[in-house]
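Structure first, then comments.
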Amino acid sequence: MSVTLSSSTDDINLQHPELWTMHLGVGKESITYVLYSKQQDNSLISGTVALDTAFGNYLKSVENCIYDNPLFLKPYGEVKVLVESNHFMVMPNEIDDYDTCLDIMETAFPEADGEFALCPMPQCGTLMGFEMPKGLEAFLQRTFYNPPIMHQLVPLCEYYKLKQEQTSIRRMFVHLHDKKLDLCLYNKGALAMTNSYVFHAIEDAAYYALHAWQDYGFDGLADEVQLSGDKHLRDAITPIMRKYINFV
Numbered sequence: 004m005s006v007t008l009s010s011s012t013d014d015i016n017l018q019h020p021e022l023w024t025m026h027l028g029v030g031k032e033s034i035t036y037v038l039y040s041k042q043q044d045n046s047l048i049s050g051t052v053a054l055d056t057a058f059g060n061y062l063k064s065v066e067n068c069i070y071d072n073p074l075f076l077k078p079y080g081e082v083k084v085l086v087e088s089n090h091f092m093v094m095p096n097e098i099d100d101y102d103t104c105l106d107i108m109e110t111a112f113p114e115a116d117g118e119f120a121l122c123p124m125p126q127c128g129t130l131m132g133f134e135m136p137k138g139l140e141a142f143l144q145r146t147f148y149n150p151p152i153m154h155q156l157v158p159l160c161e162y163y164k165l166k167q168e169q170t171s172i173r174r175m176f177v178h179l180h181d182k183k184l185d186l187c188l189y190n191k192g193a194l195a196m197t198n199s200y201v202f203h204a205i206e207d208a209a210y211y212a213l214h215a216w217q218d219y220g221f222d223g224l225a226d227e228v229q230l231s232g233d234k235h236l237r238d239a240i241t242p243i244m245r246k247y248i249n250f251v
């Protein structure tokens, strides 16, 4: 499958956008997009557009980025949005009352000055609560006609859960990208922990992963680590992890 990578959307001209799906990743410094059509072979298009933060207002920077790129505003058949957030919490499905979830988030993050949102993780059987800057959710819902809005870790958690099937093995999935480390730990198929870290050296990334491994009682001889993401980062972290874990 061929992939088109672009840092500018000016040269992307889509015919019949109603047959395409757009996924947007709204980060702190950029917006990442993925476009594809199930009706067209080799259609995958992805890229990143930097946010102009000179305004000093994050919401205004996101709005300007989207309005300045008409590609984002086409009438797609489906739109999904991922939001980067440092304040998040996985909660059991049994807590299905929004006000209760909101109280839990406010108690866990009393210093938060944004707005809390919830998204389901049906494969994992859990809910993800997370913070967004004030006004961001309303803008995204208004601009993209009420798309599902998820925390950045939700697709990883759901995808890796599908790979568990019926297993007695504990697995840690390590996803490396852009100096970031995303972790998903599963204990006999059930999501035990997920988190995201920024690292400056690969040794730091290995430390975060191994610390989580130890904290959740995983066995270096019997349990598994699976790596994904940037190949150079995977190649760098593999020998470090293999010093302590048999199967990487």
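In the working numbering, the protein residues as written are 4 to 251.
We treat Cβ as the ideally placed atom computed from N, Cα and C, and that holds for glycine.
Since we're looking at a predicted model, the values are computed, not measured.
Should residue 133 be labelled buried (16 or more other beta-carbon atoms within 10 Å of its own) or exposed? Taking all protein chains shown into account, residue 133 has 16 or more neighbouring C-beta atoms within 10 Å of its C-beta and is therefore buried.
Give a yes or no on contact between the region 148–163 and the region 99–113, applying the rule of three or more CB pairs nearer than 8 Å. Judged by Cβ distances under 8 Å, the region 148–163 makes no contact with the region 99–113, as fewer than three pairs qualify.
When you compare only the Cα positions, how much space is there between residue 226 and residue 128? Straight-line Cα distance between these residues: approximately 23 Å.
Can you list, in chain order, the stretches of the beta strand (DSSP E) that have 3 or more residues and sit fully within the region 12–89? Counting only runs of 3 or more, we get 24–29, 33–39, 48–53, 81–86.
Write down the C-beta distance between residue 228 and residue 248 rounded to the nearest angstrom, noting that I regard them as a contact closer than 8 Å. Right, their Cβ atoms sit about 5 Å apart.
Beta-carbon separation (whole angstroms), residue 200 vs residue 163, contact threshold 8 Å: Your pair residue 200 and residue 163 does not check out as a contact, with CB atoms roughly 17 Å apart and the cut at 8 Å.
Could you spell out where the alpha helix (DSSP H) holding residue 205 opens and where it closes? 205–218 is the span of the alpha helix (DSSP H), which, as asked, contains residue 205.
Count the other CB atoms, across all protein chains shown, that sit within 10 Å of the CB of residue 26; report buried if there are 16 or more and exposed otherwise. Label assigned to residue 26: buried.
Hey, how far is the Cα of residue 88 from the Cα of residue 119? Distance between the alpha carbons of residue 88 and residue 119 is about 10 Å.
Among the candidates 182, 35, 198, 176, whose CA atom is the shortest distance from the CA of residue 192? Looking at the Cα atoms, 176 is the closest of the given residues.
Which residues bound the beta strand (DSSP E) around residue 177? 174–180 is the span of the beta strand (DSSP E), which, as asked, contains residue 177.
First through last residue of the beta strand (DSSP E) which encompasses residue 229: Residues 227–232.
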